[in-house]
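Protein chains in written order, with the working numbering: chain A, 6 to 116; chain B, 29 to 142.
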């Protein structure tokens, strides 16, 4: 089983749509969770950290379910500029800060 | 906003040659990392570095790889004898603390081995 698994994608949506990304992780010692976005051939950029209580940043909402080892990202009112690959990222306790990345889910927002 | 800077942006090297990839982390970061991403694949952890020591390394980080922070600002990744399969984007990252803090990535060095 992959350490971090994401929806394979790609997701093609019209502007203004709501889109949801799912992610599961296999290591129960995972302690920190993040969503990064990556534009083509660029570096990963932090979108948001994910907290147990769930958190929101503008149009973006992240949820974490530790019991199910499941993370989600919801994007509301999607913009053309949201087109990117969304990376689910997990940090494992006591492993030197190592981040484990999912394969990523590509999002394409069309006019 | 402070940035992590990497040089060169693109490095082309003959197989078997040594390469050094350079990174200048954000000045108040204490933990440093190298990751790589082979074209079309996911980002993979190579090594973490704190207090002038390797904290953790992956299976990829074999004897051909080394890291150092020679002058307190630059953080380098050396590959002693490059192989074709070392061709990838290499990203440097840093964080204030390990664990809960997110890591901030440089814009990467594209390494092409011929």
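Heads up, the beta-carbon is just placed ideally off N, CA and C, and yes, glycines get one too. Fair warning: this is a prediction, and the values are worked out from it, not measured in the lab.
Interface partners of residue i on chain A, CB under 7 angstroms
i	result
residue 79/B	Correct list: empty, because the minimum Cβ distance to chain A is about 12 angstroms.
For residue i, the first and last residue of its enclosing beta strand (DSSP E)
i	result
residue 11/A	9-11
residue 103/A	Neither: residue 103/A is in no beta strand (DSSP E) and is coded neither H nor E.
residue 49/B	47-52
residue 125/B	Unbroken run through residue 125/B: none, as it is neither H nor E.
Listed by chain order, chain B residues near residue i by CB distance under 8 angstroms
i	result
residue 105/A	73
residue 112/A	The premise fails here: residue 112/A is roughly 16 angstroms from chain B at the closest Cβ pair, so nothing lies under 8 angstroms.
Inter-residue CB distance, residue i and residue j (contact presumed, cutoff 8 angstroms)
i	j	result
residue 33/A	residue 100/A	Actually they are not in contact, since the Cβ atoms of residue 33/A and residue 100/A sit about 13 angstroms apart, beyond 8 angstroms.
residue 91/A	residue 42/A	6 angstroms
residue 39/A	residue 94/A	4 angstroms
residue 128/B	residue 36/A	7 angstroms
residue 82/B	residue 132/B	Not quite, the Cβ-Cβ distance comes to about 20 angstroms (not below 8 angstroms), so this is no contact.
residue 137/B	residue 49/B	5 angstroms
residue 63/B	residue 123/B	Their Cβ separation, rounded to whole angstroms, is 13 angstroms, which puts residue 63/B and residue 123/B out of contact at 8 angstroms.
residue 47/B	residue 75/B	Actually they do not touch by this definition, with Cβ atoms about 15 angstroms apart.
residue 141/B	residue 112/B	5 angstroms
residue 80/A	residue 24/A	5 angstroms
residue 71/B	residue 49/A	6 angstroms
residue 114/A	residue 77/A	Not quite, the Cβ-Cβ distance comes to about 18 angstroms (not below 8 angstroms), so this is no contact.
7 angstroms Cβ cut-off: residues of chain B touching residue i
i	result
residue 48/A	119, 133, 134, 135, 136
residue 79/A	In chain order: nothing, as chain B lies at least about 19 angstroms away.
residue 26/A	The premise fails here: residue 26/A is roughly 15 angstroms from chain B at the closest Cβ pair, so nothing lies under 7 angstroms.
residue 54/A	130
residue 101/A	76, 83, 84, 126
residue 39/A	130
Residue i Cβ short of 7 angstroms to the ligand GDP heavy atom set
i	result
residue 45/B	This structure simply doesn't include the ligand GDP, nor any ligand for that matter.
Assigned secondary structure, residue i (DSSP; H/G/I helix, E/B strand, else coil)
i	result
residue 7/B	As shown, chain B starts at 29 and ends at 142. That puts residue 7/B outside it, with no answer to give.
residue 58/B	coil
residue 140/B	strand
residue 77/A	strand
residue 88/A	coil
residue 29/B	coil
residue 83/A	coil
residue 113/A	strand
residue 131/B	coil
residue 42/B	coil
Within chain B, the residues that residue i reaches when beta carbons sit closer than 9 angstroms
i	result
residue 51/A	130, 131, 132, 133
residue 109/A	70, 71
residue 74/A	In chain order: nothing, as chain B lies at least about 18 angstroms away.
Chain-ordered chain A contacts of residue i [CB-CB under 8 angstroms]
i	result
residue 115/B	Simply none; closest approach about 14 angstroms.
Contacts of residue i in chain A (Cβ-Cβ under 9 angstroms)
i	result
residue 123/B	102
Minimum Cβ-Cβ distance from residue i to chain E less than 8 angstroms
i	result
residue 17/A	Given the protein chain composition of this structure (A and B), no chain E is represented.
Fill in: Any beta strand (DSSP E) of 3 or more consecutive residues that is wholly inside the region 14-73 of chain A
16-19, 24-30, 35-43, 50-55, 60-62, 65-70
Worksheet entry | Residue ranges of each beta strand (DSSP E) within the region 60-123 of chain B, 3 or longer | 72-78, 81-85, 93-96, 103-107, 116-123
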